[in-house]
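Take any residue in the sequence shown, note its place counting from 1, add 1, and you have its number in the working numbering.
Take a look at the structure set out below.
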Amino acid sequence: MAAKDIYHEHVKRALEKDGWHITHDPLSVKLLGRTLQIDLGAERILAAEKGEERIAVEVKSFIGTSRVQDLKEALGPYMLYRSALRRTASDRRLFLAVRDDVYESVFEHPEGLLLQVEDEIHLLVFSVEREEIVKWIS
2 MAAKDIYHEH VKRALEKDGW HITHDPLSVK LLGRTLQIDL GAERILAAEK GEERIAVEVK
62 SFIGTSRVQD LKEALGPYML YRSALRRTAS DRRLFLAVRD DVYESVFEHP EGLLLQVEDE
122 IHLLVFSVER EEIVKWIS
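Right, dumping it as structure tokens:
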């Protein structure tokens, strides 16, 4: 099993505060005959729609010396996991969880915004200090 990201528990608590029920820690998916593990699987009941919403969340810390290298290391797994979820006809939407300061320095940058749109990257932006979700971007 891969090591958990240093912010794994922060994101887990933020999701729970936001009304999500953690269903998988980690969530296993198959790709090319191999088992991959996405950090978290969660769901919540949508009363108005009488259904449920299901997500998968990959947590990335971005604590390296290069934001570009951190981005490369985050997007590779994200793309693989998204592909695996699509191939299994999963109804889970994949989110990349990043700290609010990472969102501001990487994903609010014009090239970061372009990446979000072109590569269909869904973001869960969280506050480490408050252990809360700041925003969802999809």
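Glycine is no exception: its CB is placed at the ideal position from the N, C-alpha and C atoms.
On a predicted model such as this, the values are computed, not experimentally measured, just so you know.
Segment contact flag, the stretch 125 to 138 with the stretch 7 to 16, C-beta cutoff 8 Å, min 3 pairs: yes
Beta-carbon contacts of arginine 93 that lie in its chain and below 7 Å, excluding the five residues immediately before and after: Gly42, Arg55, Ile56, Ala57 and Leu86
So what does threonine 36 bridge to, in DSSP terms? Lys31
Are tyrosine 82 and leucine 37 closer than 8 Å when you measure CB to CB? yes
Can you say whether aspartate 40 is buried or exposed, counting buried as having 16 or more other CB atoms within 10 angstroms of its CB? buried
Does DSSP put histidine 22 in a helix, in a strand, or in coil? strand
Residues that DSSP places opposite arginine 100 in a beta bridge: Phe127
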